[in-house]
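Visitor: Position one of the first sequence corresponds to residue 454 (our numbering), numbered consecutively onward. Every residue gets a Cβ at the ideal spot worked out from N, C-alpha and C, and that includes glycine. Values in this document were obtained by computation on a predicted structure and should not be read as measured data. This is the structure I want to talk about, given as structure tokens.
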Amino acid sequence: MENSNIISPRYDPKLFEKQIYEKSLNTFLPTKNDNSSNRYFSILMPPPNVTGSLHLGHALTYTLQDILIRYHRQRGIDTFWQPGLDHAGIATQLVVEKWLEKQGIKASALNYNEFISKVWEWKDSSATNIVTQQKALGCSAPWKYSRFTMDEGFSKSVVDAFVQLYKDGLIYKAKRLVNWDTKLETAISDLEIKNIEEQGTLWYINYKISNSNEFITVATTRPETMFGDVALAVNKDDERFKQFIGKFATIPCTDRKIPIITDEHADMSKGSGCVKITPAHDFNDFEVGKRHGLSTISILDKHGHMLNNEMVPEFLRGLYLKKARKILLEKLTEDGLLVKNDIITHSVPYGDRSGTVTEPMITEQWFLDAPALAGKAIEAVESGQVKFYPDKWKNTFFDWMRNIQPWCISRQIKWGHRIPAWYTPSGEIIVEKTEEDAIQKAKNLNIVPDDLRRETDVLDTWFSSGLWSFATMSEDFIKRYFPTTTLVTGFDIIFFWVSRMMMLSLYFMKDIPFKDVYIHALVRDDKGQKMSKSKGNVIDPMELMEEFGADALRYTLTFLSVPGRDIKFGKDNVKISRNFITKIWNAGRFLQTQGVKFNIPLDQLDFNGKINQWILSKLIAFKNGVDNDIKEYRFDYIAHRMQVFLRDQFCDFFIEAIKIQNEENTKNIAGFMYKEFLKISNPVIPFVTQHLVELLSGDTDLKPTDFSAILINDADVKDVDDLVTWIHEVRGIKHAEGSTSEQYINAKNNTDSLNQDLKTLFVLA
RNA sequence: GGUCAUAUAGCUCAGCGGUAGAGCACUACGUUGACAUCGUAGGGGUCACAGGUUCGAUCCCUGUUGUGACCACCA
454 MENSNIISPR YDPKLFEKQI YEKSLNTFLP TKNDNSSNRY FSILMPPPNV TGSLHLGHAL
514 TYTLQDILIR YHRQRGIDTF WQPGLDHAGI ATQLVVEKWL EKQGIKASAL NYNEFISKVW
574 EWKDSSATNI VTQQKALGCS APWKYSRFTM DEGFSKSVVD AFVQLYKDGL IYKAKRLVNW
634 DTKLETAISD LEIKNIEEQG TLWYINYKIS NSNEFITVAT TRPETMFGDV ALAVNKDDER
694 FKQFIGKFAT IPCTDRKIPI ITDEHADMSK GSGCVKITPA HDFNDFEVGK RHGLSTISIL
754 DKHGHMLNNE MVPEFLRGLY LKKARKILLE KLTEDGLLVK NDIITHSVPY GDRSGTVTEP
814 MITEQWFLDA PALAGKAIEA VESGQVKFYP DKWKNTFFDW MRNIQPWCIS RQIKWGHRIP
874 AWYTPSGEII VEKTEEDAIQ KAKNLNIVPD DLRRETDVLD TWFSSGLWSF ATMSEDFIKR
934 YFPTTTLVTG FDIIFFWVSR MMMLSLYFMK DIPFKDVYIH ALVRDDKGQK MSKSKGNVID
994 PMELMEEFGA DALRYTLTFL SVPGRDIKFG KDNVKISRNF ITKIWNAGRF LQTQGVKFNI
1054 PLDQLDFNGK INQWILSKLI AFKNGVDNDI KEYRFDYIAH RMQVFLRDQF CDFFIEAIKI
1114 QNEENTKNIA GFMYKEFLKI SNPVIPFVTQ HLVELLSGDT DLKPTDFSAI LINDADVKDV
1174 DDLVTWIHEV RGIKHAEGST SEQYINAKNN TDSLNQDLKT LFVLA
């Protein structure tokens, strides 16, 4: 028992991190502070996808959030950190399909219910894994309030939100051109498209002018879509084509004739100057078609195969579009209609998740009228009600919000919230919260649910995430913690999540979802490359914590969190952090062996004396600095300050001074200083600091002492600062090449400028 | 094509209208009461380039170049 309070000779986080975490679990729960005002501090933890395990980016975001949470909780502020998980529709479905494949199960062989139960099975193990990792990192969240975007209550909120938006005319169903992923066979939103620059071919193809022997040359990168052409467009000022305007041209391999029209979309400098108009398979063409009242002709099915109908020549029917293209080009060459081809660089849209080229496709989808909701969100940022840190990100936000398009919220996948819509035999749509309501509304007609009409149909994951800011909380918590104080997230999520939460929160709650948005960096590898599994440069946070401890990882990420710059992360950084923590550890060990008391409060210590005034002033500066850094989200500064105070000021000077003075009051001041340092640093490195505070003093309260009433004698502080400078100068002479020992002794004896009280500290030079 | 960043020591990065800073790496010395996962000292920078504002610019302004990201384009 009596040995249990001795700090072990070696810093080994494995010996205490887990125990410290487990015994603190209760303190993570929100506690109403009786004497407090209405002050609270709340954060929505961005729910990680249940796709497996966490990476360093997660470690970063959770570390920063946990620092904020611990900092405020430590100060007695009513604190809430909403934990949870995201079902991540497409991403999870893909992961589960792969997982099943590994077990020799074909996802397509399972029926809907079988597949969904497999996903739940996966979700459960993934969730356990993720939460274990979050706990290892030290996330001090009240886990019993954890939510899942597909849990019963949340799902109900999603349905309610959908129904209300529908009834208010903000959600509608429409047949429109959307981005279609031919591999996943679902619509996806603009944001899920990644444009990749690559080399392609631009083919110049002759269309024959009707009742003439002339041809008009059309340039296209996608010849196979020509069967969906409804017109050819040229610029009205283009002399080359003037004689063709108003005439008709015949689509090669068919006898279908289409008009040659003029439209601003036709750019004289691009291609041949004449562009084919294919409204069913091109976004620009769709607009042209609308302007000219043209029809739309689809020629692809949902798998990306040429349709089996009379619009498509027989020899291409049913072929996958790339194969169809190849055969078509052969045929065109044969017919002498292929004029030439150019190799060009153009960007091609790829589905973010599937990695295949997406196709613009006309389908019936559900849309959310985002333009109608964007205005209030924009205002909230303009007025400063919602602030971005760093401020520059608001420009990114504005750019997107001011040009926002209707949001396609339906997906043709299995895993997700099913759309609460039913159809009467005549095709009338009924949107209600439950099937019973819908049946009642349909007045005994046989209704069909939305997802049976088209196998499956669910909501975009981000639609449910968009409700996260309020649908997660009970009414009581809404009163206490909404709007939340700070959202911590990455810039890549501003469009997906931040802006949508703002729109939906302002709509449903008539209030902003959060006041501050702190945008953190992207974690890259030590060469600045984005970490990815395919590059093999992924660093597993669990391995780092295993080797160096969670505190070292947290400290590293904090230190590297410079605003506006990506983090180049190398393992060495963690080692350096671990070394710093070892330094902290050893300082505590030394003080303990000196019989220093750690429990004497501020008012029972005698701070008279220059050195004591000096170290007290440095501690206060440290604490005030941290307070300010937290307000400004300068996590990097906090980490830096910790080093300056502990190493440069406390260890290098004050501890050395007590070795010389060896006086009890000063020693106990050292104990006080050290403990305060631990408490102030606790939000960043919670494990080691809490462990040491408990070991040295038995205290469980980590609230730093209030110094607001302390007055410091600035003259004393200056004297010691001068002494420190003098010591460095003298040491410099001692080590300087060519200097004699005589010079050194002279310099050392030249202490006239020093105050008498400090002369005992000469030896430090 | 548009927008936003960014350029400081060998590396990773702070910083400030008035002698240029840290960590790592490097060099020398050091195990004199915690700490070699350490200490002490040292070398090392025309603060990308060119103009402008200013008594004075690494810092503010303009331009150039390099780098990165985002948006648009996808004939």
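Rank G880, P873, F923 and G771 by C-alpha distance to the C-alpha of V911 and give the top, closest one.
Guide: P873
Visitor: If we ignore side chains and look at the alpha-carbon of each, how far apart do N1065 and S1134 end up?
Guide: For N1065 and S1134, the gap between their C-alpha atoms comes out near 21 Å.
Visitor: Can you check the stretch 696-771 for any beta strand (DSSP E) of at least 3 residues that lies completely inside it and give the ranges in chain order?
Guide: Counting whole runs of 3 or more residues, the stretch 696-771 contains the beta strand (DSSP E) stretches 701-703, 710-715 and 728-730.
Visitor: Answer yes or no: do F694 and V683 have a C-beta to C-beta separation smaller than 8 Å?
Guide: no
Visitor: With DSSP collapsed to three states, give me the class of Y1086.
Guide: coil
Visitor: Please name the residue, chosen from N762, S800, G943 and P732, that lies closest to T849 on a Cα-to-Cα basis.
Guide: G943
Visitor: Alpha carbons only, please: which of E470, H734 and Q617 is nearest the one belonging to P813?
Guide: H734
Visitor: Using a Cβ distance threshold of 8 Å, determine whether the stretch 663-670 contacts the stretch 627-646, with at least three qualifying pairs required.
Guide: Output reads no: the stretch 627-646 does not touch the stretch 663-670.
Visitor: Thinking D1101 and I1091 are a contact (beta carbons under 8 Å), I'd like their distance in whole angstroms, please.
Guide: About 16 Å separates the CB atoms of D1101 and I1091; that is not less than 8 Å, and the two are not in contact.
Visitor: Take G1002 as the anchor and find which of A1040, V1137 and P1054 has the nearest alpha-carbon.
Guide: V1137
Visitor: Which parts of the stretch 627-691 are runs of the beta strand (DSSP E), unbroken and 3 residues or longer, counting only runs that do not cross its ends?
Guide: For the stretch 627-691, whole beta strand (DSSP E) runs of length 3 or above, ordered along the chain, are 639-641, 646-662, 668-673 and 684-687.
Visitor: If we count the other Cβ atoms within 10 Å of its Cβ and call it buried at 16 or more, is L1176 buried or exposed?
Guide: buried
Visitor: Report the rounded CA-to-CA distance for L1211 versus A1168, giving the unit in angstroms.
Guide: Between the alpha carbons of L1211 and A1168 lies a gap of roughly 13 Å.
Visitor: If you drop the 5 nearest sequence neighbours on each side, which residues of the same chain put their C-beta closer than 7 Å to that of K829?
Guide: L959
Visitor: Taking 8 Å as the threshold, find out whether the stretch 780-792 comes into contact with the stretch 763-770 through three or more Cβ pairs.
Guide: Contact between the stretch 780-792 and the stretch 763-770 is present, because at least three Cβ pairs lie under 8 Å.
Visitor: Assign N848 to one of three DSSP states: helix, strand, or coil.
Guide: Helix at N848.
Visitor: Alpha carbon to alpha carbon, how far is M788 from K743?
Guide: Residue 788 is actually Asp in this sequence, not Met. Cα to Cα, the separation comes out at about 33 Å.
Visitor: Return the CA-CA distance between K1021 and H718, expressed in angstroms with no decimal places.
Guide: Per the coordinates, the alpha-carbon of K1021 lies some 44 Å from the alpha-carbon of H718.
Visitor: Taking buried to mean at least 16 other C-beta atoms within 10 Å of its own C-beta, is D1056 buried or exposed?
Guide: exposed
Visitor: Please classify V991 as buried or exposed, where buried requires at least 16 neighbouring CB atoms within 10 angstroms.
Guide: So V991 counts as exposed.
Visitor: Look at the alpha carbon of L655 and the alpha carbon of K793, and state the distance between them as a whole number of angstroms.
Guide: Computed Cα separation, rounded: 8 Å.
Visitor: Please report how far the alpha carbon of F1033 lies from the alpha carbon of I1186, in whole angstroms.
Guide: 29 Å
Visitor: Between F739 and the rest of its own chain, which residues show a CB-CB distance below 6 Å, the 5 nearest in sequence each way excluded?
Guide: L630 and P732
Visitor: The beta strand (DSSP E) that contains M814, what's its start and end?
Guide: Per DSSP, the unbroken beta strand (DSSP E) holding M814 starts and ends at T811 to L821.
Visitor: Considering Cα atoms alone, identify which of V728, Q556, A580 and T545 is closest to T914.
Guide: T545
Visitor: If you follow the alpha helix (DSSP H) that N1166 is in, where does it begin and where does it stop?
Guide: N1166 -> no alpha helix (DSSP H), and no H or E assigned at all.
Visitor: Roughly how many angstroms lie between the CA atoms of R907 and K963, to the nearest whole one?
Guide: For R907, the pLDDT reaches just 47, beneath the cut-off of 50, and the residue's location in the model is therefore unreliable, leaving the point undetermined.
Visitor: DSSP three-state call for K968: helix, strand or coil?
Guide: strand
Visitor: Count the other CB atoms, across all protein chains shown, that sit within 10 Å of the CB of I1198; report buried if there are 16 or more and exposed otherwise.
Guide: exposed
Visitor: I'd like to know if the stretch 517-524 and the stretch 834-841 are in contact, where contact means that at least 3 CB-CB pairs between them fall below 8 Å.
Guide: no
Visitor: Does DSSP classify L975 as helix, strand or coil?
Guide: Looking at L975 - three-state DSSP - the assignment turns out to be coil, as it is neither helix nor strand.
Visitor: Is the Cβ-Cβ distance between S1030 and F1012 less than 8 Å?
Guide: yes
Visitor: Pull up the DSSP beta-bridge partners for R864, would you.
Guide: V911
Visitor: Would you say P994 and A512 are within 8 Å of each other, going by their C-beta atoms?
Guide: Inclusion of P994 and A512 in the CB contact set at 8 Å is warranted, their separation being smaller than that value.
Visitor: Taking only the alpha-carbon atoms, compute the straight-line gap between L618 and V612 and give it to the nearest angstrom.
Guide: 10 Å
Visitor: Please state whether the Cβ-Cβ distance between F469 and G537 is less than 8 Å.
Guide: In this structure, F469 keeps its C-beta atom at 8 Å or more from the C-beta atom of G537.
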